[in-house]
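Residue numbers (my numbering), protein chains in the order written: chain B, 1 to 296; chain X, 297 to 592.
Every residue, glycine too, gets a C-beta built ideally from N, C-alpha and C.
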C-alpha cells in the first residue's frame, strides 16, 4: 500500500471553520500641521472596534487595524483558553457594517460565563489580557529541540527590514511575524501587539502543521517589534515556538518565563547586533561579524 | 476678614486616603550574550505583579514596574470608574512581600461585582482595559480654555530629553509626564503605558488642583512616549488635560476622540519637529524654527 492510498484510506478528521475574508483598509489619510505651520497629508493607522460574539453571546470588543479579523478572533479564543482547537469552531463571520464578528461553535463553550468573568488578571503593555492561570500552564509546555542559528537570526532581521508595511507608511503599529526556518510565513501588524500575536496564533492553528526542523535549526521562530513581556513569551511558547526575536528589549517577567520554559529570547536585534537574554545554549554563533572598530 | 482667616473659618472638607510609600527597585541586572558571543551585564526593567484587593475582594492583578503603586492603584480605580473621587478611599496599603495592595473604601463600592464583570470591552495596545461606556462619557467632558504654545511644547520636549530615566538605563518601559505650564510636575515610567497614565491620574487626584492657567497658556499638558490611542486621549481628557504630546503617532480612534473632545493632539515630537493632528487652532506658533536647508 502506497503512502497516498494510506492517506486516502484514513483521511484525517479535519473540520476547519468556515471563515469570511473581511480585511479592512489599514490606513487613513489625515491633514496635519507641522512646526512651520504648514499643512500636509500623512497616513495614520486605521483602528476599529470589533465586537466578538460567541454563539450569540457578546464576549469582548477588540480595537484592531482589521487586517485579518478572522485569524485574530480565532487566536484570541485560543489564547484566552476558551477553545482548545479551532476545530471546535464551525464558522467565523466578520461584518464591518456593524463592526462585529460572529463565532459559531460546534458544541458551545462550557462554562463561558464563569470563565470570562474570571478575566480580571492582566499583564503586558498595561492592563492587558488574561494572565491568571497561564503561568501554571507553562510548566506543561514542551518546546521543540533545535537551535537558533545566528545566520538564521540575521536572515530574519533582514527580511523584516525589507518588508513594506503599514508601519513604514503610517507608524504607530506593532508588527509580529512567524518564520519557518528563515522563510517569512506570516507578517501581521496591528494597533496592539497582543492582537498581532493572537492573529499569528489563529493563522497557525489553521495550518497542517508538520514540524519541519531542518537539521538542528529551529523550524518556527517568532519576531516582534515590541518588548518581550511575559505574555508575549507565553503566547510564543504556546504556539510551540522555541525562539523569539525582538527589536526591543525584555522585561523581568518575560525573562523569567523564557528561562523557565526553555525559550531562547533575543532582543535589541538590529542589523548585526543583538542580545541573547535567555537560553544562549540554544543559539549557535555561526555568523559572528568582523570586530567593529570600537571593539578590540 | 483676611483670606487666611477665611480659609481657617471654612476649611475644605478634604479627606485624603492614607497611603503607604512602597516604591520597589526599578531595574534588575542580568547577564546577556551579544553577537560576538561576549557576555556582559545590562539592566532590564523590573516587572512585578500587584494584586489589587478592594475591601478584601480581589479585583485585578496589574503588572507594574512598581515605582508608585499607591498612585497607580488610585488612578486605576478612578479610570475604571470604580470610584469618582479619591476621597472615597480611606487607605491604600501596598505589601511587596505578598505583591498585594489592599484598598479600604469609606463606604464600599456599590455593585462592584456587576461593574467589574462587565469589563469585557478593551482597547489600546491590544486587549487593554475598560473602554465600554467611556465614549459615551466624553461628550460630558468640558476641557479648559487656553492654548498650547510652541515654545511651551519645545520646553516640554526638552525637559523630557534631559530626564534621567529607567528607559535610558534599561529600555522597554513607557514614560508619561504631566507638565504644569512648562514645569515638569510628575514623570512616571512603567512597563505598561496604561499604568503610567493611571499613576499620573492617581497622583493628580491627590493634589489641591487649582487651575493655574498663565495668561492663555494651558496649565496642564500631558506627555507620553507611546502612541496616542483612544484610551490615552480619553484618560487625558478625564484629567482635564486639553493638550497631549507624543513622541510617537496617533491612531484613527485616538484622533476621533481628540477631535470630538476638543483636545490638541501633537505627535512625532522630537527636537523641533512635530505634527499637530487635532485642533491646531489651540496651537500658537510662537517659536517657528528657521527654515531647514531642505525647505524653501
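As assigned by DSSP and simplified to three states, the class of residue i
{"i": "residue 575(X)", "result": "coil"}
{"i": "residue 481(X)", "result": "strand"}
{"i": "residue 19(B)", "result": "strand"}
{"i": "residue 464(X)", "result": "helix"}
{"i": "residue 538(X)", "result": "coil"}
{"i": "residue 302(X)", "result": "Confidence at residue 302(X) is low in this model, with a pLDDT of 44, below 50, so the placement of that residue should be treated as unreliable; the coordinate-derived value is given next. Helix at residue 302(X)."}
{"i": "residue 327(X)", "result": "strand"}
{"i": "residue 251(B)", "result": "coil"}
{"i": "residue 190(B)", "result": "strand"}
{"i": "residue 469(X)", "result": "coil"}
{"i": "residue 267(B)", "result": "strand"}
{"i": "residue 553(X)", "result": "helix"}
{"i": "residue 86(B)", "result": "helix"}
{"i": "residue 206(B)", "result": "coil"}
{"i": "residue 370(X)", "result": "helix"}
{"i": "residue 143(B)", "result": "coil"}
{"i": "residue 586(X)", "result": "coil"}
{"i": "residue 408(X)", "result": "helix"}
{"i": "residue 129(B)", "result": "Confidence at residue 129(B) is low in this model, with a pLDDT of 41, below 50, so the placement of that residue is unreliable and no value is reported for it."}
One or two residues paired with residue i in a DSSP bridge
{"i": "residue 220(B)", "result": "180(B)"}
{"i": "residue 496(X)", "result": "Residue 496(X) pairs with nothing; no bridge assigned."}
{"i": "residue 63(B)", "result": "49(B)"}
{"i": "residue 92(B)", "result": "19(B), 103(B)"}
{"i": "residue 43(B)", "result": "29(B)"}
{"i": "residue 157(B)", "result": "In DSSP, residue 157(B) forms no bridge with anything."}
{"i": "residue 284(B)", "result": "149(B)"}
{"i": "residue 529(X)", "result": "BP columns for residue 529(X) are empty, so no partner."}
{"i": "residue 58(B)", "result": "53(B)"}
{"i": "residue 569(X)", "result": "566(X)"}
{"i": "residue 228(B)", "result": "250(B)"}
Nearest-angstrom Cβ-Cβ length linking residue i and residue j, presumed shorter than 8 Å
{"i": "residue 141(B)", "j": "residue 547(X)", "result": "At roughly 33 Å, the Cβ-Cβ gap does not stay under 8 Å, so residue 141(B) and residue 547(X) are not in contact."}
{"i": "residue 288(B)", "j": "residue 150(B)", "result": "7 Å"}
{"i": "residue 198(B)", "j": "residue 75(B)", "result": "3 Å"}
{"i": "residue 144(B)", "j": "residue 90(B)", "result": "Contact flag wrong, Cβ pair sits at about 31 Å."}
{"i": "residue 550(X)", "j": "residue 529(X)", "result": "5 Å"}
{"i": "residue 443(X)", "j": "residue 351(X)", "result": "About 43 Å separates the two Cβ atoms, so there is no contact after all."}
{"i": "residue 514(X)", "j": "residue 496(X)", "result": "Actually they are not in contact, since the Cβ atoms of residue 514(X) and residue 496(X) sit about 16 Å apart, beyond 8 Å."}
{"i": "residue 322(X)", "j": "residue 478(X)", "result": "With a Cβ gap of about 26 Å, residue 322(X) and residue 478(X) do not count as contacting."}
{"i": "residue 263(B)", "j": "residue 338(X)", "result": "In fact, because the Cβ distance is near 19 Å, the residues do not count as touching under 8 Å."}
{"i": "residue 476(X)", "j": "residue 516(X)", "result": "6 Å"}
{"i": "residue 398(X)", "j": "residue 389(X)", "result": "5 Å"}
{"i": "residue 455(X)", "j": "residue 480(X)", "result": "5 Å"}
{"i": "residue 206(B)", "j": "residue 239(B)", "result": "Between residue 239(B) and residue 206(B) the Cβ distance is about 12 Å, and since that is not below 8 Å, they are no contact."}
For this session: State whether the region 556-566 of chain X contacts the region 580-590 of chain X, with contact taken as three or more CB pairs (one from each stretch) at a distance under 8 Å.
Result: no
Exercise. Using 8 Å as the Cβ pair cut-off and three pairs as the minimum, do the region 390-398 of chain X and the region 343-358 of chain X touch?
Worked result: yes
Exercise. Between the region 221-231 of chain B and the region 239-252 of chain B, do three or more beta carbon pairs fall short of 8 Å?
Worked result: yes
Problem set entry | Contact set between the region 308-332 of chain X and chain B, restricted to residues whose Cβ is under 8 Å from the partner | 324, 326, 328, 329, 330, 331, 332
Problem set entry | At least 3 beta-carbon pairs within less than 8 Å: the region 312-327 of chain X vs the region 365-377 of chain X | yes
For this session: Using a Cβ-Cβ cut-off of less than 8 Å, give me the residues of the region 52-70 of chain B that come near chain X, in sequence order.
Result: 58, 59, 60, 61, 62, 63
Problem set entry | Contact the region 53-65 of chain B vs the region 185-192 of chain B: 3+ CB pairs below 8 Å | yes
Exercise. Taking Cβ-Cβ distances below 7 Å as the criterion, which residues of the region 531-554 of chain X are in contact with chain B?
Worked result: 544, 545, 546, 547, 548, 549, 551
Exercise. Relative to chain B, which residues along the region 576-587 of chain X have a C-beta separation below 8 Å, given in chain order?
Worked result: 576, 579, 581, 584, 585, 587
Exercise. Mind listing which residues of the region 217-236 of chain B have their C-beta closer than 9 Å to chain X's C-betas, in chain order?
Worked result: 226, 227, 228, 229, 230, 231
Exercise. When Cβ atoms are compared, which residues of the region 559-571 of chain X fall closer than 7 Å to chain B?
Worked result: 568, 569, 570, 571
Exercise. What residues in the region 369-386 of chain X have a beta carbon less than 7 Å from any beta carbon of chain B?
Worked result: none
Problem set entry | Chain-ordered residues of the region 189-202 of chain B with a beta carbon less than 9 Å from chain X | 190, 191, 192, 193, 194, 195, 196, 197, 198
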